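So for the sequence shown, the working numbering puts the first residue at 460; every next one is plus one. Cβ coordinates follow ideal geometry from the N, Cα and C atoms, glycine included. Since the structure is predicted, the reported quantities are computational estimates derived from the model, not experimental observations. Before any comments, here is the structure.
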Amino acid sequence: METFTSAWVRHRGKVEYGQEKVREAGPGEVRVRIKACGVCGTDIHFFKEFPDEQPVPLGHEVAGIIESTGPGVRAPGVGTSVVIQNHIPCGMCDACLNQRPDACGHIRTYMDTQAGMAEYLVVPAAMAIAFGGLDFASATLAEPVTVALDLCREAAIRMNDTVLIMGPGTIGLSCVPIVKRQGASLVVVAGHGLSSIRGAHRKTVATSLGADAFVDTTDKGWKEKLLASYPGGFDRVIVTSPPNTIADGIALAGFRSSIVFDGISYQDDSVTFGANDFHFQKKRLIASHAIPNWGFPQALGLLIDGTIDPKLLLTHRYPFNRLEQALQDYGSPDLEIIKIAIEI
Ligand SMILES: [Zn+2]
Ligand SMILES: [Zn+2]
460 METFTSAWVR HRGKVEYGQE KVREAGPGEV RVRIKACGVC GTDIHFFKEF PDEQPVPLGH
520 EVAGIIESTG PGVRAPGVGT SVVIQNHIPC GMCDACLNQR PDACGHIRTY MDTQAGMAEY
580 LVVPAAMAIA FGGLDFASAT LAEPVTVALD LCREAAIRMN DTVLIMGPGT IGLSCVPIVK
640 RQGASLVVVA GHGLSSIRGA HRKTVATSLG ADAFVDTTDK GWKEKLLASY PGGFDRVIVT
700 SPPNTIADGI ALAGFRSSIV FDGISYQDDS VTFGANDFHF QKKRLIASHA IPNWGFPQAL
760 GLLIDGTIDP KLLLTHRYPF NRLEQALQDY GSPDLEIIKI AIEI
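What follows is the structure, encoded as structure tokens:
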């Protein structure tokens, strides 16, 4: 019986490699030989904080090659390079048929039973999107770029808007060239710990991606200084930093502005902000959640044409047998890590 290796977390701080039986693609499915998988903050959470209960599969930013197809699959064919969406709508329910796939009650995912950090995935063919012109590790960036696309769509940037992006991770940094293309006249990126090697590198990358200024949120009085430089606040604020920073985003947003937030708190998720300012300044707080996935072709296009240069974001590549090291290194202040891809 042919088996393959997959990576799971069963106990905090430890990656376990499992051996699973390679299965045939069923009707409408494709079997993908995974070549690369991006490390995401969610993986770090599972690795470092997840309470010891059920085993959790790692990885959901996947690129690979179609190795076999099940009955009824016309495309993509065997040998095609693909990125794999992790959540797709059913396409058949009332919500889907009314062009509201995000309200679909039958969203399908592989993430509950299969690891993206593995040698194989078997998924519905509809999850696999063909691509060319990128190496596999770079192509894994398409997933976080779709998250950035959803934030920027919800932000509805208008010509010459001023934009503050909070959180210079892969998603926040990907938003910089997107909002510029949408018409933003000024983009400021806010992040913490600029004095570290990690922080200083993010500032450099934000600038390379088109940011006009960078502000360090560990500086005393950073908000007051920012408002002094940009009186009236920002037209749009995109928050990719933890929920407890939403209040800062609201405070820095201007009259009739939008604040768009994407993120999960694994600890306390309550947020406190001043409702009077929110009310009188007619601010709007919007949630983004790019599930089910959309925009993969657009994201791939931005990576291929260099609008979002993969080399700037994909700073590190580790082999599959060093996944645990990658998860440990991810948050280090002493490394210039933005995104790590595991090559499998
Ligand atoms: Zn992710
Ligand atoms: Zn549906």
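(request) Please list, following the chain, all residues that have a C-beta closer than 7 angstroms to any non-hydrogen atom of ligand 2. (result) In chain order, the qualifying residues are Pro-548, Cys-549, Gly-550, Met-551, Cys-552, Ala-554, Cys-555, Pro-560, Cys-563, Gly-564, His-565.
(request) Output yes or no for whether 8 angstroms exceeds the beta carbon distance between Ile-797 and Arg-661. (result) Contact annotation: Ile-797 and Arg-661 have beta-carbon atoms nearer than 8 angstroms.
(message) Rounded to whole angstroms, what is the Cα-Cα separation between His-565 and Asp-675?
(response) Roughly 42 angstroms separates the two Cα atoms.
(message) Given this structure, state the Cα-to-Cα distance separating Gly-790 from Thr-462, to the nearest angstrom.
(response) In this model, Gly-790 and Thr-462 are separated by some 33 angstroms (Cα to Cα).
(message) In chain order, what are the residue ranges of uninterrupted beta strand (DSSP E) at least 3 long that sit wholly in the segment 617-655?
(response) Listed in chain order, the complete beta strand (DSSP E) runs (minimum 3 residues) inside the segment 617-655 are 621-625, 645-650.
(message) Under 8 angstroms: do the segment 552-563 and the segment 505-514 share three or more Cβ pairs, one atom per stretch?
(response) Not touching, per the Cβ criterion.
(message) Would Thr-528 and Ala-484 qualify as a contact pair, given that the criterion is a beta-carbon distance under 8 angstroms?
(response) Closer than 8 angstroms, so yes.
(message) Using DSSP's beta-bridge definition, name the partner residues of Thr-774.
(response) Paired residues: none, contrary to the question.
(request) Starting from the N-terminal end, write out each residue whose C-beta falls within a distance shorter than 7 angstroms of any non-hydrogen atom of ligand 1. (result) Those residues are Cys-499, Gly-500, Thr-501, His-519, Glu-520, Glu-602, Pro-603, given in chain order.
(message) Between Ile-718, His-546, Pro-486, which has its C-alpha nearest Phe-755's C-alpha?
(response) Here the closest residue by C-alpha is His-546.
(message) Quick check on Thr-599: does DSSP put it in helix, strand or coil?
(response) In the three-state scheme derived from DSSP, where H, G and I count as helix and E and B as strand, Thr-599 is classed as coil.
(request) Please determine, among Gly-550, Gly-472, Cys-611, Gly-628, the residue with the shortest C-alpha to C-alpha distance to Asp-620. (result) Cα-wise, what sits closest to Asp-620 is Cys-611.
(request) Measure the alpha-carbon distance for Ala-554 versus Ser-655 and round it to whole angstroms. (result) Taking the straight line from one Cα to the other gives about 47 angstroms.
(request) Would you check whether ligand 3 has a heavy atom nearer than 7 angstroms to the C-beta of Arg-695? (result) Of the ligands one can find in the structure shown, namely ligand 1 and ligand 2, none is ligand 3.
(message) Considering only their Cβ atoms, is the gap separating Thr-599 from Val-521 smaller than 8 angstroms?
(response) Contact flag set, yes.
(request) Quick one: which unbroken beta strand (DSSP E) runs of 3-plus residues sit fully inside the segment 741-794? Chain order, please. (result) Listed in chain order, the beta strand (DSSP E) elements of length 3 or more contained wholly in the segment 741-794 are 743-746, 773-778.
(request) Mark Pro-516 as exposed unless 16 or more other C-beta atoms lie within 10 angstroms of its C-beta, in which case mark it buried. (result) Burial state of Pro-516 is buried, judged by a 10 Å Cβ sphere holding 16 or more other Cβ atoms.
(request) In angstroms with no decimal places, state the Cα-to-Cα distance between Glu-795 and Leu-772. (result) Rounded to whole angstroms, Glu-795 to Leu-772 spans 10 angstroms at the Cα level.
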